[in-house]
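So in UniProt numbering, the last one in the sequence shown is 309, and the numbering has no gaps at all. For every residue, glycine included, the Cβ atom is placed at its ideal position computed from N, Cα and C.
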Amino acid sequence: MKGPLFYSKILLFGEYGIIKDSKGLSIPYNFYNGALKTDGLDSENAIKSNKNLKRFVEYLKGISPELVTFDLETLEKDVESGMYFESSIPQGYGVGSSGALVAAIYDKYAHDKITVLENLTREKLMVLKSIFSEMESFFHGKSSGLDPLNSYLSIPILINSKDHIEATGIPSQKSDGKGAVFLLDSGMIGETAPMVSIFMENMKQEGFRKMLKNQFIKHTDACVDDFLKGDFKSLFLNTKKLSKVALNHFKPMIPQQFHELWKKGLDTNDYYLKLCGSGGGGYILGFTEDIEKAKQSLNDYKLEVVYNF
């Protein structure tokens, strides 16, 4: 048996800001995916995944039945007989590896599940988000539920605020466009929990809270609006501002060896870098008006183009 595929996601805008009600925009990224499988535990990864699933099943038993119920009997039986999650999604890279697993389990074992085929009202999206938030907290300590939501529905999601999210359309790609959003591999794994706790610690300072509201969130919201409208000229101006604020105020989340590279982008305007997920490693997100120029500028690194315009 191999279950349906669930894709990775990229939060284009909104990292950290959405904790404090900024806008956010999350898109599915089909390059990576994962699926539940039961074809024998013949690799170290499969064995590890199966062990993890056993712990996850125990955790799911504790979720309030008023929120969601699962066919736990079948789930337990499947896990006991060697089910695991096979995934090409890199872990700790900010592209939603645990989100895809959560989506797969909900899809296969939840009772009365909300599906992508029905009319997805704002209420239904919020219900799904709170179910996924509860489920994914097993992996992260505290989860917004957005990664699994994106993976489960496989459509772009616009976050207007904590309790207002909607499915959205994004401008169609121009395959021959010079402008691009790309992923830059930092070559390191990022841990979400420690990064979020640095952020929460910083939030205790009034100066940091002010900067977040008046700069970081302001620029994030502007970037989301620009991207959805397809106003790429304005998008680059706002992404540059966002990149600068991140370099000045989110240094601990940017791996040390990328500080110079980050600054180089701002100085040359060849590209602008921003955090992808919580940072600390994993992928870094890049925006450029000229992908060839960016590739030359970053010739020591592997770039994966996510979106062309």
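- F216: not part of any beta strand (DSSP E); DSSP gives it neither H nor E.
- For T239, the enclosing alpha helix (DSSP H) has its first and last residue at F232 to H249.
- Per DSSP, reduced to three states, the secondary structure at F287 is strand.
- At a Cβ-Cβ threshold of 8 Å, G34 and A110 do not count as neighbours.
- Taking a contact as a CB-CB distance under 8 Å, the pair Y272 and S297 does not count as one, their CB atoms being some 11 Å apart.
- When secondary structure is reduced to three states using DSSP, H140 falls in the helix class.
- In this model, E73 and K108 are separated by some 13 Å (Cα to Cα).
- C-alpha of K37 to C-alpha of E80: approximately 13 Å in a straight line.
- Ranked by Cα distance from E136, the options D112, H249 and G96 are led by G96.
- Per DSSP, H164 is one residue of the beta strand (DSSP E) stretching across H164 to A167.
- N45 carries a helical assignment under DSSP once its states are collapsed to helix, strand and coil.
- Per DSSP, the unbroken alpha helix (DSSP H) holding L266 starts and ends at H259 to T268.
- The beta carbon of Y16 sits closer than 6 Å to those of F199, all from its chain and outside the five residues before and after it, given in chain order.
- With respect to the C-alpha of S186, the residue from E304, S8, P255 and E289 having the closest C-alpha is P255.
- By the C-beta density criterion, V116 is exposed, having fewer than 16 other C-beta atoms within 10 angstroms.
- Runs of the beta strand (DSSP E) spanning 3 or more residues and lying entirely within the UniProt domain "GHMP kinase N-terminal" (83-147) occur at 84-87, in chain order.
- Annotation for K295: L303 place their beta carbon closer than 7 Å to its own, counting only its chain and skipping 5 residues before and after.
- Residue state for S81 is assigned as coil, using DSSP reduced to three classes.
- Annotation: F85 to A100 spans about 9 Å, alpha carbon to alpha carbon.
- For the pair of segments examined, the stretch 126-144 was found not to touch the stretch 175-185: the number of CB pairs separated by less than 8 Å stays below three.
- The alpha-carbon of M253 is positioned some 12 Å away from that of G94.
- In the three-state scheme derived from DSSP, where H, G and I count as helix and E and B as strand, V68 is classed as coil.
- G3 sits away from G14, with the two beta carbons spaced by 8 Å or more.
- In this structure, DSSP gives D185 an extended state, which the three-state scheme calls strand.
- The beta carbon of I63 lies closer than 6 Å to those of E134 in the same chain, with the five residues before and after it left out.
- Nearest C-alpha to P90 among F31, Y59 and L120: F31.
- Just so you know, the alpha carbons of E58 and G92 end up roughly 23 Å apart.
- L228 has its alpha-carbon roughly 9 Å from the corresponding atom of L158.
- When the five nearest sequence neighbours on each side are left out, the beta carbons in the same chain lying within less than 6 Å of the beta carbon of A222 are those of N238, in order along the chain.
- DSSP places P252 in no beta strand (DSSP E); its state is neither H nor E.
- The DSSP-derived three-state label of I155 is coil.
- Taking C-beta separations shorter than 8 Å and ignoring five residues to either side along the sequence, the partners of D290 in its chain run K178, G179 and D270, following chain order.
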